[in-house]
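Student:
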Amino acid sequence: MTHSHLHALRGDVEDKRERIPFTRPSMLGTELAAIRGALETGELAGDGHLTKQCHAFLERTLEVPKVLLTTSCTHALEMAALLLRIQPGDEVIVPSFTFVSTANAFAVHGAKPVFADIRPDTLNLDEAQLPSLITERTRAIVPVHYAGVGCEMDAIGQIAARHGIAVVEDNAHGLFAKYKGRYLGTFGVLGTQSFHETKNFTCGEGGALLINDQALIERAEIIREKGTDRSRFFRGQVDKYSWRDVGSSFLPSGILAAYLLEQLSARERIQGARQRIFERYLAGLRTWAQQNDVRLPIVPEHCEQAYHMFYLLLPSYAARTKLIEHLKADNIQASFHYVPLHTSPMGEQFGGRAGACPVTESVSDRLLRLPFFTDLTTAQQDRVIERVVQFDTRAR
Ligand SMILES: Cc1ncc(COP(=O)(O)O)c(C=O)c1O
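In the numbering used here, the protein residues as written are 101 to 496.
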């Protein structure tokens, strides 16, 4: 056999290494039967008994006065903007290190996003920056609980209260996580969740609005139901429904609620699996990280995290690029994360400029997320760990 034949053969073997994806939706196996059940009872539109069961589960578990399922976290954030009557000229403080929706949901109603930098430890909005960012136009602060690790809610709540500013928690990553013993999403006047396929609990595309202020419940129902009081009509509180306010259609189909209810009901199983995966990464990578100038996730003592992701902070952009390549060569998919919003084309239109959020800029260049999903097997995870620890960040 010639040398090139051998090489081709080895290539074939390597190509057959099982691909380990970066993410895969949580799937229990019971979802299809639940969807069939929804179809059989004819529960196709929103707000039937399956949606109500999701609401009740979340209200009871999180101890929130009112939960409303939405079609996405983006839409829950837009509902927040409508509920707070965000107007052109208003300012909303958001971290630059977040998904577009955190800022866009308010910008779409005319607000100017004001970008805060993040803390170097948790990568959450740096509360110490708030006093210098608040103006007489600031209407809301939107902390994002990155990776489902709580922001410093005591400090954020105090600053917001002092200035009469609303707090809306973007808790897309952090369902069932806690800060000082209390569930994330329950500190602000409003909290938002995501059930997108990449999240711990999913229905494909979906979200929820947590309403912590009783005074906002009635209007939230109206905004979510195309500006009508149809929710009250369905409860028999009015004999016909009519156009009451502005709104849109933010409620998901009962088919999605059926899917989601299965997932929520398996809370312990899903979170338990994810906790074990997180801890196995931590144990398997700790020594390598110390020797390679790599920072592993930091979870403060007073935070119980959601086990949403496992990230590495590499010493440089070049090291991160090389590690992604090194993993890819073994058919392992790893991913960077948010691109700073303040230097995006839209962010610049709102006055963002390079250098304004140095921690965000540096973290965005150096952060890498390893494969992390509920069904990641021990064998798959061991392969990831083995491959990572072969990588020397100091080698040129
Ligand atoms: C912090 C954050 N907020 C909001 C969203 C938007 O969620 P959705 O896709 O449910 O609209 C995401 C999506 O990943 C996110 O990471």
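Positions of the beta carbon are idealized from the N, C-alpha and C atoms, including for glycine.
For the stretch 132–151 against the stretch 279–289, are there 3 or more C-beta pairs whose distance is under 8 Å?
Tutor: no
Student: Pull the bridge partners of I241 from the DSSP assignment, please.
Tutor: On the sequence shown, residue 241 is found 141 positions in, with the first residue counted as 1. According to DSSP, I241 bridges with I193 and V267.
Student: For H402, count neighbouring Cβ atoms within 10 angstroms of its own Cβ and tell me buried if that reaches 16, exposed if not.
Tutor: Your numbering for residue 402 matches position 302 in the sequence shown. H402 comes out exposed.
Student: I'd like the ranges of any beta strand (DSSP E) spanning at least 3 consecutive residues and lying wholly in the stretch 203–252.
Tutor: If we require 3 residues or more, the beta strand (DSSP E) runs fully inside the stretch 203–252 come out as 212–216 and 238–241.
Student: Chain B beta carbons: is any one of them nearer than 8 Å to that of G384?
Tutor: In the structure shown, chain B does not exist; there is a single protein chain.
Student: Restricting to Cα atoms, I'd like to know which of G372, L184, A418 and V194 is closest to G264.
Tutor: On the sequence shown, position 164 is the one that residue 264 refers to. The shortest C-alpha separation from G264 is found at L184.
Student: In whole angstroms, give me the CA-to-CA distance for P243 and D226.
Tutor: Here residue 243 refers to the residue found at position 143 of the sequence shown. Here residue 226 refers to the residue found at position 126 of the sequence shown. Whole-angstrom Cα-Cα distance: 9 Å.
Student: Taking Cβ to Cβ, would you say L128 is nearer than 8 Å to E362?
Tutor: Against the sequence shown, residue 128 aligns to sequence position 28. Against the sequence shown, residue 362 aligns to sequence position 262. With respect to the 8 Å criterion, L128 and E362 are classified as neighbours on the basis of their beta carbons.
Student: At 4 residues or longer, what runs of the alpha helix (DSSP H) sit wholly inside the stretch 118–191?
Tutor: As far as the stretch 118–191 is concerned, its whole alpha helix (DSSP H) runs of at least 4 residues are 131–140, 149–162 and 173–183.
Student: Taking all protein chains shown into account, do 16 or more other C-beta atoms lie within 10 angstroms of the C-beta of S47, making it buried, or fewer, making it exposed?
Tutor: Residue 47 lies beyond the residue range present for the chain, which begins at 101 and ends at 496; the question has no answer from this structure.
Student: So for R328, helix, strand or coil by DSSP?
Tutor: Taking the sequence shown and counting its residues from 1, one reaches residue 328 at position 228. The sequence shown places Thr at residue 328, not Arg. Of the three classes helix, strand and coil, the one that applies to T328 here is strand, per DSSP.
Student: Can you tell me whether P458 is buried or exposed? The criterion is at least 16 other CB atoms within 10 Å of its CB, across all chains shown.
Tutor: In the sequence shown, residue 458 corresponds to position 358, counting from 1. When all chains shown are included, P458 counts as exposed.
Student: Taking the alpha helix (DSSP H) that T421 falls in, what are its first and last residues?
Tutor: Position 321 of the sequence shown holds residue 421. T421 -> alpha helix (DSSP H) spans Y417 to K428.
Student: Does D482 pass the burial test, meaning 16 or more other C-beta atoms within 10 Å, or should it be called exposed?
Tutor: To locate residue 482, count along the sequence shown from 1; it is residue 382. By the 10 Å Cβ count, D482 comes out exposed.
Student: Quick check on P231: buried or exposed, where buried means 16 or more other Cβ atoms within 10 Å of its Cβ?
Tutor: Here the question's residue 231 lines up with position 131 in the sequence shown. Exposed: under 16 other Cβ atoms inside 10 Å.
Student: Can you say whether H103 is buried or exposed, counting buried as having 16 or more other CB atoms within 10 angstroms of its CB?
Tutor: Numbered from its first residue, the sequence shown carries residue 103 at position 3. Residue placement at H103 is poorly supported in this model, since its pLDDT is 46, which falls under 50; the coordinates still yield a value, given next. When all chains shown are included, H103 counts as exposed.
Student: State the start and end residues of the unbroken beta strand (DSSP E) segment that holds L309.
Tutor: The residue labelled residue 309 in the question sits at position 209 within the sequence shown. Unbroken beta strand (DSSP E) run through L309: G307 to I311.
Student: In the structure shown, what three-state DSSP assignment does S294 receive?
Tutor: The count along the sequence shown starts at 1 and reaches residue 294 at position 194. Note: S294 maps to strand in three-state DSSP.
Student: Would you report the Cα separation of V489 and V463, rounded to the nearest angstrom?
Tutor: Within the sequence shown, residue 489 is the residue found at index 389, counting from 1. Within the sequence shown, residue 463 is the residue found at index 363, counting from 1. Cα to Cα, the separation comes out at about 21 Å.
Student: Using three-state DSSP, classify R395 as helix, strand or coil.
Tutor: Within the sequence shown, the letter at position 295 stands for residue 395. DSSP places R395 in strand when its eight states are reduced to three.
Student: Taking 7 Å as the limit between beta carbons, can you name the residues of its chain near N271, skipping five residues before and five after?
Tutor: For this step, residue 271 is matched to residue 171 along the sequence shown. Cβ contact annotation for N271 (same chain, cutoff 7 Å, sequence separation greater than five): H245, L284, G285, G291, T292 and Q293, in chain order.
Student: Could I get the ranges of all uninterrupted alpha helix (DSSP H) runs contained in the stretch 337–407, with 4 residues as the minimum, in chain order?
Tutor: 354–365 and 367–391
Student: Do you know whose CA, among R369, Y279 and A418, lies nearest L468's CA?
Tutor: Against the sequence shown, residue 468 aligns to sequence position 368. Among R369, Y279 and A418, the Cα nearest to that of L468 is on A418.
Student: Tell me whether A180 counts as near ligand 1, meaning its Cβ is closer than 7 Å to at least one heavy atom of that ligand.
Tutor: In the sequence shown, residue 180 corresponds to position 80, counting from 1. Every heavy atom of ligand 1 is 7 Å or more from the Cβ of A180, so no.
Student: Excluding sequence positions up to five away, which residues of its chain have a Cβ less than 7 Å from the Cβ of V484?
Tutor: Position 384 of the sequence shown, counting from 1, holds the residue named residue 484. Here the set comprises I120, I432, L470 and P471.
Student: Going by the C-beta, is R173 closer than 7 Å to any heavy atom of ligand 1?
Tutor: For the purposes of this step, residue 173 is taken as the residue at position 73 of the sequence shown. The sequence as given places Cys at residue 173; Arg does not occur at that position. Yes; taking the cut-off as 7 Å, the Cβ of C173 has a heavy atom of ligand 1 nearer than that.
Student: With hydrogens ignored, establish whether the beta-carbon of H296 is closer than 7 Å to any heavy atom of ligand 1.
Tutor: Taking the first residue of the sequence shown as position 1, residue 296 is located at position 196. Flag set: Cβ of H296 near ligand 1.
Student: Taking Cβ positions, are A216 and S196 nearer each other than 8 Å?
Tutor: Position 116 of the sequence shown holds residue 216. Position 96 of the sequence shown holds residue 196. Going by C-beta atoms, A216 is nearer than 8 Å to S196.
Student: Taking one C-beta from the stretch 348–367 and one from the stretch 299–317 each time, how about it: are there three or more such pairs within less than 8 Å?
Tutor: Under the three-pair Cβ rule at 8 Å, the stretch 348–367 counts as touching the stretch 299–317.
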